[in-house]
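Sequence positions in the sequence shown follow full-length UniProt numbering and run 1 to 103.
Glycine is no exception: its CB is placed at the ideal position from the N, C-alpha and C atoms.
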Amino acid sequence: MKVIDSENWAWFLFEHEDHLYLDANCNMSAFGYTYMIQLNDEERYAFKAGGHEYLNQLAHDIHYSVPIAADTRSKYKDRDVSKKFSEMATDAVREWRQAKSVE
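This is the structure we're talking about:
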């Protein structure tokens, strides 16, 4: 897994085994959490067309849909892969930050 792009305090985009994953920084009241989804074909196409700005909008949409709320109607509700990739994502961010500090 490697970091492809990021927006400070908002999201990271990862690539792993030819798949893209957006890890959005979210909160619900005072509770902060991250929510990672695998980009589907439609989202990958939109990312190719809209780039970084599209990811800003997608992260915003995830955050404001509150996919972890019990009564949510978020279209992202059942797409969370955070637990599956948490350790790999943490390692990828650490490596990415170390590489940036050397530049």
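Query, Result
"With DSSP run on the structure shown, which of helix, strand or coil describes L55?", "helix"
"Could you name the residues of the same chain whose beta carbon sits closer than 6 Å to that of H16, not counting the 5 residues immediately before and after it, in chain order?", "M1"
"What is the C-beta distance between Y54 and S65, in whole angstroms, given that I count them as a contact (C-beta under 8 Å)?", "Not really, about 16 Å apart at Cβ, beyond 8 Å."
"Tell me, to the nearest whole angstrom, how far the beta carbon of A10 is from that of A59; I am working on the premise that it is less than 8 Å.", "5 Å"
"Please specify which runs of the alpha helix (DSSP H), each continuous and at least 4 residues long, are wholly inside the stretch 11–70, giving them in chain order.", "41–65"
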